[in-house]
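Enquirer: Residue numbers (the numbering used here): 11 to 320. From the three backbone atoms N, C-alpha and C, an ideal C-beta is built for every residue, glycine too. Supplied in C-alpha cells, the structure appears directly below.
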RNA sequence: GGCGGCGUAGCCAAGUGGUAAGGCAGAGCUCUGCAAAAGCUUUAUUCAUCAGUUCGAUUCUGAUCGCCGCCU
C-alpha cells in the first residue's frame with residue numbers, strides 16, 4: 011500500500027511562498043512532514059538572509075534537514091540526496107507523508123535521478139586547481155581536461171571551470187574519464203516515481219519587487235552584524251555558507267570592496283537573477299505541475315487542492 | 001545674457017564620412033558530488049530634433065530644444 015502513496019515536492023523561485031503553501035499542504039494532509047530542499051537553509055548559524063521558516067510559520071509541522079549542518083562544512087547535492095532519502099523512508103515508516111520544499115532543483119534531481127557512482131569532492135585538489143585558474147585562467151584547465159578526457163571537454167565551455175574541475179577530479183581519483191563513468195547512473199530510489207512536483211509561478215514583476223523588499227528587510231534586520239560575528243568566529247569567506255545571497259556581498263563590504271549601499275543593490279540583483287534561473291530549471295520538466303501565483307495566496311492554494319482531489 | 005562642453009538602447013559607455021564596440025539590466029537557456037554555484041545565447045533598421053553639404057552623415061555645417069560647467 012505504501013507503493014501508492016504520494017510524496018510531494020513544492021518548488022519554484024525564491025520568495026514565491028513555498029514555505030506557506032508547503033505548510034498548508036502538510037496541515038491539509040494532516041500527517042505531512044516537511045523536508046527542506048534548499049542548499050542554503052541546511053546550514054546552521056546563517057539565519058537572517060536565508061528565509062528559513064520561523065517557528066510561527068511552521069505551525070507545528072515537523073521540518074527536517076533544516077539548520078542541521080555546520081556552516082564550516084561544504085555540503086553537496088549528493089549528500090543531501092542521501093539524507094533526504096533516509097528522511098523519506100523514516101517519515102513514511104511512521105505513517106506520515108514527506109513533503110519536499112525548496113528551490114534547489116539540482117538537489118531534487120540528485121534525489122530522483124541519482125548521479126553516477128563517482129568519487130567525492132577532493133578539497134585539496136580543488137584548491138590547487140583554483141590556484142591554477144587564478145594564474146592561468148579557466149581556459150587552461152579546460153585544455154588539461156581535453157587531454158585526459160576529450161569527450162567531457164568537448165561538452166563543456168572553456169570558461170565553465172566548475173564542471174571542468176569536477177571532470178578533472180573524477181579522472182585523477184578514478185583513473186577513468188568521467189565521460190566513461192557518467193552513463194552508468196545509479197538506479198533511482200523506489201519512491202522516485204511517487205514524488206509529485208508542484209512549482210509556483212508568480213508574476214515576474216511582482217516577484218522581483220518581493221525579492222527587493224525582502225533583501226532590504228534582511229539588511230535592516232542586522233545581516234551585516236550576523237556576518238561580522240560569523241567571520242570573527244573564523245568562518246571563512248570562501249565557505250559555501252558565506253557564499254549565499256546577501257552574505258557574499260556583505261563579506262565584500264566588510265573587506266572594503268564595496269559600499270553598504272552597493273552590497274544591498276547587488277544582493278537584490280543576485281537574487282533576481284537567481285529566481286529567473288530557478289524558473290528556467292523547472293519550466294520544461296513535463297512532470298512538473300504549475301501553480302500560478304504566490305504560495306501564500308488562497309487562489310494558489312485552491313489550485314493545489316484541486317489537484318489533490320483528483 | 002555671454003562663453004565652453006555634452007546629448008548614442010531601460011542604464012553606463014566606445015566609435016567612425018561607407019552602413020552602430022563593450023558592460024549592466026531585460027528575455028531565453030544549460031546543468032550527472034561546491035548549484036543561492038558556474039556557464040551559454042539574445043537584445044538599437046538607428047545615434048536629441050529639423051534643415052544643409054555629400055554618391056553616402058551617427059560622424060561635417062547651421063538652426064532649434066535639453067542638460068552641465070564657467071563668467072557677468
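Ignoring anything shorter than 3 residues or poking outside the segment 18-75, list the beta strand (DSSP E) runs there in chain order.
Expert: 42-46
Enquirer: Could you tell me the distance, in whole angstroms, from the CA atom of residue 249 to the CA atom of residue 84?
Expert: On the first chain, position 239 is the one that residue 249 refers to. On the first chain, position 74 is the one that residue 84 refers to. So the alpha carbons of these two residues sit roughly 7 Å apart.
Enquirer: Any idea which residues DSSP pairs residue 302 with across the strands?
Expert: The residue given as residue 302 occupies position 292 in the first chain. DSSP output for residue 302 lists 211 as bridge partner(s).
Enquirer: Is it right to say residue 26 is buried, meaning 16 or more other beta carbons lie within 10 angstroms of its own, or is it exposed?
Expert: Taking the first residue of the first chain as position 1, residue 26 is located at position 16. The residue is buried, with at least 16 neighbouring Cβ atoms inside 10 Å.
Enquirer: Per DSSP, what kind of secondary structure is residue 143 in: helix, strand or coil?
Expert: Reading the first chain from its first residue, position 133 is the one you call residue 143. Residue state, collapsed to three classes: helix.
Enquirer: Spatial neighbours of residue 313 within its chain, please: CB distance less than 6 Å, with the 5 preceding and 5 following residues excluded, ordered by chain position.
Expert: Looking up residue 313 in the first chain gives position 303. Answer for residue 313: 301, listed in chain order.
Enquirer: Using only the alpha-carbon positions, how far apart do residue 303 and residue 315 sit?
Expert: Counting from one through the first chain, the residue named residue 303 turns up at place 293. Counting from one through the first chain, the residue named residue 315 turns up at place 305. Answer to the nearest angstrom: the Cα atoms are 14 Å apart.
Enquirer: How should residue 221 be labelled, buried or exposed, when 16 other C-beta atoms within 10 angstroms of its C-beta is the threshold for buried?
Expert: The residue given as residue 221 occupies position 211 in the first chain. So residue 221 counts as buried.
Enquirer: Tell me the rounded alpha-carbon separation between residue 196 and residue 265.
Expert: In the first chain, residue 196 corresponds to position 186, counting from 1. In the first chain, residue 265 corresponds to position 255, counting from 1. Going by the C-alpha atoms only, they are around 43 Å apart.
Enquirer: Once DSSP output is grouped into helix, strand and coil, what is the label at residue 108?
Expert: Here the question's residue 108 lines up with position 98 in the first chain. Note: residue 108 maps to strand in three-state DSSP.
Enquirer: What does the alpha-carbon distance come out to for the pair residue 230 and residue 98?
Expert: Looking up residue 230 in the first chain gives position 220. Looking up residue 98 in the first chain gives position 88. Looking at the two C-alpha atoms, the distance is approximately 37 Å.
Enquirer: Starting from residue 236, trace the alpha helix (DSSP H) both ways and give me its first and last residue.
Expert: For this step, residue 236 is matched to residue 226 along the first chain. Counting along the chain, the alpha helix (DSSP H) containing residue 236 begins and ends at 233-242.
Enquirer: Whose CA, out of 152, 141, 142 and 217, lies closest to the CA of residue 306?
Expert: As a first step, residue 306 must be located in the first chain, where it is residue number 296. Cα-wise, what sits closest to residue 306 is 217.
Enquirer: For residue 270, does the count of other Cβ atoms within 10 angstroms reach 16, so buried, or fall short, so exposed?
Expert: Taking the first chain and counting its residues from 1, the one referred to as residue 270 is at position 260. Looking at its Cβ environment, which holds fewer than 16 other Cβ atoms inside 10 Å, residue 270 is exposed.
Enquirer: Which of the three DSSP states is assigned to residue 194 in this structure?
Expert: As a first step, residue 194 is located in the first chain; it is residue number 184 there, counting from the start. Residue 194 falls in the coil class under three-state DSSP.
Enquirer: Ends of the alpha helix (DSSP H) at residue 85?
Expert: Residue numbering aside, residue 85 sits at position 75 when the first chain is read from its first letter. That residue, residue 85, is in no alpha helix (DSSP H); it is neither H nor E in DSSP.
Enquirer: For residue 136, which residues of its own chain have a beta-carbon under 8 Å away from its beta-carbon, when the five flanking residues on both sides are left out?
Expert: Taking the first chain and counting its residues from 1, one reaches residue 136 at position 126. Excluding the 5 residues flanking it on each side, residue 136 has same chain C-beta neighbours closer than 8 Å at 175 and 179, in chain order.
Enquirer: Relative to the C-alpha of residue 21, which residue among 319, 237 and 292 is closest?
Expert: Counting from 1 along the first chain, the entry for residue 21 is found at position 11. Per the Cα distances, 292.
Enquirer: Shortest alpha-carbon distance to residue 165 belongs to which of 246, 183 and 188?
Expert: Taking the first chain and counting its residues from 1, one reaches residue 165 at position 155. When only C-alpha atoms are compared, the closest one is 188.
Enquirer: Excluding five sequence neighbours on each side, which residues of the same chain lie with their C-beta closer than 6 Å to the C-beta of residue 318?
Expert: By one-based count along the first chain, residue 318 stands at place 308. Result list for residue 318: empty, nothing under 6 Å.
Enquirer: Mapping the DSSP letters down to three states, classify residue 2 as helix, strand or coil.
Expert: Past the boundaries of the shown model lies residue 2; the chain is included only from 11 to 320, so the question cannot be answered.
Enquirer: Looking only at C-alpha atoms, which of 267, 88, 150 and 296 sits nearest to residue 198?
Expert: Within the first chain, the letter at position 188 stands for residue 198. That would be 88, whose Cα lies nearest to the Cα of residue 198.
Enquirer: How far does the alpha helix (DSSP H) with residue 160 in it reach, from first residue to last?
Expert: Sequence index remark: in the first chain, residue 160 carries index 150 (1-based). From DSSP, the alpha helix (DSSP H) with residue 160 extends over 160-165.
Enquirer: Check whether the segment 271-281 touches the segment 100-107, taking contact to mean three or more Cβ pairs, one atom from each stretch, closer than 8 Å.
Expert: no
Enquirer: Does the beta-carbon of residue 294 have 16 or more other beta-carbons within 10 angstroms, so that it is buried, or is it exposed?
Expert: Taking the first residue of the first chain as 1, we reach residue 294 at position 284. Classification for residue 294: exposed.
Enquirer: Between which two residues does the alpha helix (DSSP H) containing residue 311 stretch?
Expert: In the first chain, residue 311 corresponds to position 301, counting from 1. Residues 308-319.
Enquirer: Can you name the residues that DSSP bridges to residue 206?
Expert: Numbered from 1 along the first chain, position 196 holds the residue referred to as residue 206. Looking at the DSSP assignment, residue 206 forms a beta bridge with 18.
Enquirer: Contact between the segment 62-75 and the segment 238-256 is defined here as three or more beta-carbon pairs at a separation below 8 Å; is this criterion met?
Expert: These segments do not touch.
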